[in-house]
Amino acid sequence: MTINRRDFLVGSGAASLGLAVPTLVNAQKSNEPIRIGLLTVKTGPLASGGIDMERGIMMYLNERNNMMAGRKVELVVADTGGVPANTKTKVQELVERDKVQVLMGPLAAFEALAIDDYIKTQKIPTLSVAAAEDMTQRKPNPWFVRATSSSAQCSHVMADYCAKIMKFKRMVMIADDIAYGHEMNAGFQRVFEENGGKIVQKLFPPLTAPDYGSFLAQLKTNVDGIFLGFAGSNGFRFVRQFNEYGLRGKMAIMGGMTALDESVLKNMGDEALGIQTVCWYSAELDNPINLKFAPGFRKTFGYDPGYYAAGTYVSGAVLENALNAVNGDANNKDALMAALKKTNIPTARGPVKFDQYGNIVGDVYIRQVERKDKRLVNAVLRTYTNVSQFWTYDPKSFLGQPVYTRDYPPAKNLES
Amino acid sequence: MQIWAIQTLNSLALGGLLFLLSSGFALIFGLMRIANLTHGALFMLGAYVGATVIRSGYGMFTAAAAALIVIAIVGGIIERLILRRLSGNPQGQVLATLGLAFIIADFCLVIWGGDPIPIETPAMFQSPIQFLGISFPAYRLVILVISCIIGIALYLLLEKTRLGAMIRAGVDDMQMARAVGIPASQLFTIVFCLGAGLAGLGGTLGGPIFNAYPGLDADMLPLALIVVILGGVGSLVGTFIASFIVGFIYSFGIALVPDLAYVILFLPMVVVIAFKPTGLFGTIRT
Chain D
0 MTINRRDFLV GSGAASLGLA VPTLVNAQKS NEPIRIGLLT VKTGPLASGG IDMERGIMMY
60 LNERNNMMAG RKVELVVADT GGVPANTKTK VQELVERDKV QVLMGPLAAF EALAIDDYIK
120 TQKIPTLSVA AAEDMTQRKP NPWFVRATSS SAQCSHVMAD YCAKIMKFKR MVMIADDIAY
180 GHEMNAGFQR VFEENGGKIV QKLFPPLTAP DYGSFLAQLK TNVDGIFLGF AGSNGFRFVR
240 QFNEYGLRGK MAIMGGMTAL DESVLKNMGD EALGIQTVCW YSAELDNPIN LKFAPGFRKT
300 FGYDPGYYAA GTYVSGAVLE NALNAVNGDA NNKDALMAAL KKTNIPTARG PVKFDQYGNI
360 VGDVYIRQVE RKDKRLVNAV LRTYTNVSQF WTYDPKSFLG QPVYTRDYPP AKNLES
Chain E
0 MQIWAIQTLN SLALGGLLFL LSSGFALIFG LMRIANLTHG ALFMLGAYVG ATVIRSGYGM
60 FTAAAAALIV IAIVGGIIER LILRRLSGNP QGQVLATLGL AFIIADFCLV IWGGDPIPIE
120 TPAMFQSPIQ FLGISFPAYR LVILVISCII GIALYLLLEK TRLGAMIRAG VDDMQMARAV
180 GIPASQLFTI VFCLGAGLAG LGGTLGGPIF NAYPGLDADM LPLALIVVIL GGVGSLVGTF
240 IASFIVGFIY SFGIALVPDL AYVILFLPMV VVIAFKPTGL FGTIRT
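Below, the structure is given as structure tokens:
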């Protein structure tokens with residue numbers, strides 16, 4: 000079946016390019032491999048997610064014997080260290096020395112912003128993993144598509160769930176003091192308050208806060224729940240200290256898409272049980288593609304794939320589909336980019352298609368930490384389909400307002 | 000009211016942790032005038048060694064002892080092989096220790112990977128202590144007690160033993176100490192081992208709060224610098240008191256003006272360097 004489909008796509012791609020395309024040139028080119036550059040982080044504090052990014056795309060390529068659209072694929076991996084200045088240097092190396100035709104990554108929003116202009120001038124189709132809102136909103140980059148999520152895309156959903164399903168009235172929010180944390184929590188606050196909830200306290204500890212003791216001491220306990228907008232390992236550190244301060248059971252813990260990622264969950268114990276989080280992926284999804292991917296990943300690496308591994312694995316599928324559509328011609332950047340934007344395929348995370356700004360419109364899941372076969376998993380409780388980065392708002396009026404920040408939208412219900 | 004009580008306890012516990020972190024740094028800086036920038040990395044290495052020992056099924060205190068010994072040996076090797084050649088060359092020392100800090104950090108990443116490794120709180124201290132309607136993590140009080148014990152032990156070592164007398168003599172006037180026959184060479188190695196070992200011990204004991212993760216080194220080093228500069232170089236008592244001052248400033252600063260957490264943390268250091276370069280209790284200009 001796959002062969003038939005591929006043949007069909009190749010055929011239709013060739014047909015749409017016109018019959019006049021010289022087959023000779025195509026034949027010569029097809030000996031040349033397609034080169035994908037992966038911008039990831041393999042050293043420093045962000046390395047955990049970065050190594051997963053590499054493993055995710057490697058899994059994808061291995062499953063296909065390093066072939067996409069009938070051509071060999073070369074993956075060039077660059078370690079940015081999570082430092083924007085290095086990201087800039089590395090992307091130049093990838094494009095100018097290694098001649099990559101497509102980019103995946105980078106991991107962090109500030110890295111993506113650092114190479115934004117370069118990608119525009121070089122016109123390199125980029126499948127981004129980083130979540131920064133404005134990259135696909137007020138300052139969209141025509142060479143970006145994002146198959147993961149914008150910062151607030153998932154937290155909108157969680158806020159709706161907290162207000163309507165959990166019937167929470169009062170909540171507190173805490174997140175890392177970085178743009179990603181601000182955007183995620185601002186989106187949560189907006190939807191929660193518009194649905195009758197009240198955010199009574201907002202806390203933003205520094206990204207590298209050595210200890211959450213001082214924040215936990217201030218936490219208001221006369222609330223229904225707390226929303227965690229943490230990234231990396233901070234969610235896991237916070238939850239442990241939350242329990243040590245005797246707060247367990249005093250309020251429900253609800254997490255954003257990176258609060259309790261599978262990559263962190265493997266190091267946690269019973270303290271994580273019952274915590275609900277929201278994400279565009281869970282290793283527990285039971286679609287046919289993920290039923291192959293997640294167990295395969297677990298078998299190879301010994302743990303479940305999470306946000307980052309799934310991010311590049313899904314991006315791999317999006318890329319392959321677009322390459323099929325352009326008959327494997329990665330040098331025709333405009334056609335490849337157009338094909339990327341037209342993506343409409345099932346993937347490990349569920350169906351993927353993009354809005355006109357290059358951001359995913361896809362399924363988002365409410366998950367709950369449960370124990371299964373002696374390991375902790377993010378079991379899927381509820382699925383929200385076709386979630387856009389604009390949630391239920393009209394894109395025009397959404398974009399007419401300022402980007403989410405620490406203080407926007409203003410919180411009117413804070414109690415001191 | 001409850002918040003302030005918990006914050007006070009938080010401040011004390013953080014102060015205890017900071018003392019575990021910075022006492023070794025202060026000891027080395029005081030005697031050898033080496034700003035040992037590997038200190039954060041040694042703290043992290045200690046956390047990883049401790050985590051590994053605990054994962055092999057031993058208890059927290061065995062792990063802490065193992066970390067103390069292993070990191071002391073690592074410290075001894077660094078001192079003997081590298082820093083020894085750089086005596087009287089402060090820039091060289093700073094650069095060499097900074098380079099070593101990066102090397103140790105990458106070494107940890109290769110061995111232990113990029114994921115944080117949690118260090119379990121010992122079972123008997125896992126549930127919070129309840130009194131007067133306040134819940135507070137028991138382990139933090141244990142840290143406070145341990146840091147006081149270590150503080151007293153170091154004080155006795157420096158003030159009441161022959162080794163301590165030699166160290167004090169060296170801190171005050173190294174040339175004179177050499178002249179009266181104090182074996183400065185061995186003394187340096189011993190102090191460096193002790194300082195490094197304390198970092199390793201702190202890494203393991205602080206583990207249940209910080210965990211072992213890549214980047215722990217860079218998070219901890221500035222805190223050690225703040226404490227030592229505030230307390231004054233060469234003064235153990237100064238380091239002890241400064242640890243608690245910083246603990247209070249940080250905990251209450253974050254509660255009162257959370258947006259300015261780092262300003263509150265670093266401003267006192269800048270002020271002290273500018274207006275009282277000897278630190279609050281020290282005698283030597285930094």
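Chains as they are written, first to last, in numbering that gives the first Met the number 0: chain D, 0 to 415; chain E, 0 to 285. Quick reminder that beta carbons are idealized off the backbone N, C-alpha and C, glycines included.
Would you mind working out which of the options sits nearest residue i, comparing C-alpha positions?
i, options, result
"D/I50", "E/G113, E/T37, E/V73", "E/G113"
"E/Q6", "E/I181, E/Y249, E/G39, E/S55", "E/Y249"
"D/A68", "D/N320, D/K265, D/L102", "D/N320"
"E/I253", "D/M134, D/L215, D/S149", "D/L215"
"D/K332", "D/I344, D/P345, D/L318", "D/L318"
"E/Y138", "E/Q125, E/A104, E/D172, E/D218", "E/Q125"
"E/P213", "D/E62, D/Y392, D/Q400, D/G80", "D/G80"
"E/S184", "E/G202, E/D171, E/M165, E/G199", "E/M165"
"D/T396", "D/E92, D/Q136, D/N330", "Reading off the sequence shown, one finds Ser at residue 396 of chain D, where the question assumed Thr. Of D/E92, D/Q136, D/N330, the residue nearest in Cα terms is D/Q136."
What did DSSP end up calling residue i once you bin it into helix, strand or coil?
i, result
"E/P22", "Residue identity differs from the one stated: residue 22 of chain E is Ser in this sequence, not Pro. DSSP places E/S22 in helix when its eight states are reduced to three."
"D/M52", "helix"
"D/Y244", "coil"
"D/R405", "coil"
"D/V94", "helix"
"D/Y59", "helix"
"D/K41", "coil"
"D/G228", "strand"
"D/L74", "strand"
"E/Q125", "coil"
"D/G186", "helix"
"E/I33", "coil"
"D/M267", "coil"
"E/V232", "strand"
"D/K332", "helix"
"E/G281", "coil"
"D/M256", "coil"
Within 10 angstroms of its Cβ, does residue i collect 16 or more other Cβ (buried), or is it exposed?
i, result
"D/K89", "buried"
"E/P136", "buried"
"E/M175", "exposed"
"D/D116", "exposed"
"D/E414", "exposed"
"E/L259", "exposed"
"D/W279", "buried"
"D/G180", "buried"
"E/P89", "exposed"
"D/L23", "Interpretation of D/L23 is limited by its pLDDT of 44, a score under 50 that renders its predicted location unreliable; no figure is taken from the coordinates."
"E/I110", "exposed"
"D/G327", "buried"
"E/L80", "exposed"
"D/L18", "Residue placement at D/L18 cannot be trusted, given a pLDDT of 42 that sits under 50; what the coordinates show is reported in the next sentence. Looking at its Cβ environment, which holds fewer than 16 other Cβ atoms inside 10 Å, D/L18 is exposed."
"E/W3", "exposed"
At the level of alpha carbons, what is the spacing between residue i and residue j?
i, j, result
"D/E283", "D/V379", "7 Å"
"D/S491", "D/G255", "Since the first residue shown for chain D is 0 and the last is 415, residue 491 of chain D is missing from the structure and cannot be characterised."
"D/N416", "D/G48", "Since the first and last residues shown for chain D are 0 and 415, residue 416 of chain D lies out of range."
"D/E53", "D/T311", "8 Å"
"E/S242", "E/I149", "13 Å"
"D/R381", "D/Y364", "6 Å"
"D/A178", "D/G305", "22 Å"
"D/M103", "D/K41", "15 Å"
"E/F265", "E/I228", "11 Å"
"E/M219", "D/F203", "20 Å"
"D/A347", "D/R145", "15 Å"
"E/L30", "D/N266", "41 Å"
"E/P257", "E/I272", "24 Å"
"D/P21", "D/V325", "For D/P21, the predicted model reports a pLDDT of 43, less than 50, meaning its position is unreliable; a value from the coordinates is still stated below. Spanning the two alpha carbons is a distance of roughly 14 Å."
"D/A26", "D/R63", "In this prediction, D/A26 has a pLDDT of 44, which is less than 50 and means its spatial position is unreliable; what the coordinates show is noted afterwards. Distance between the alpha carbons of D/A26 and D/R63 is about 21 Å."
request  = Starting from the N-terminal side, write out each stretch of the beta strand (DSSP E) that is 3 residues or longer and does not extend beyond the stretch 199 to 225 of chain D.
outcome  = Counting only runs of 3 or more, we get nothing.
Segments assigned beta strand (DSSP E), at least 3 residues, entirely inside the stretch 79 to 157 of chain D = Within the stretch 79 to 157 of chain D, the complete beta strand (DSSP E) runs of at least 3 residues are 101 to 103, 125 to 127, 143 to 145.
request  = Starting from the N-terminal side, write out each stretch of the beta strand (DSSP E) that is 3 residues or longer and does not extend beyond the stretch 335 to 404 of chain D.
outcome  = Listed in chain order, they are 343 to 346, 349 to 353, 359 to 371, 374 to 386.
Residue ranges of each beta strand (DSSP E) within the stretch 273 to 315 of chain D, 3 or longer = Contiguous beta strand (DSSP E) elements confined to the stretch 273 to 315 of chain D occur at 275 to 278, taking only those with 3 or more residues.
query = Can you list the alpha helix (DSSP H) stretches of 4 or more residues lying completely in the stretch 132 to 217 of chain E, in chain order?
reply = Listed in chain order, the complete alpha helix (DSSP H) runs (minimum 4 residues) inside the stretch 132 to 217 of chain E are 137 to 159, 161 to 171, 173 to 178, 183 to 204, 206 to 209.
key: In chain order, each alpha helix (DSSP H) run of at least 4 residues that lies wholly inside the stretch 73 to 119 of chain E   = Along the stretch 73 to 119 of chain E, the alpha helix (DSSP H) occurs as fully enclosed runs of 4 or more residues at 89 to 111, listed in sequence order.
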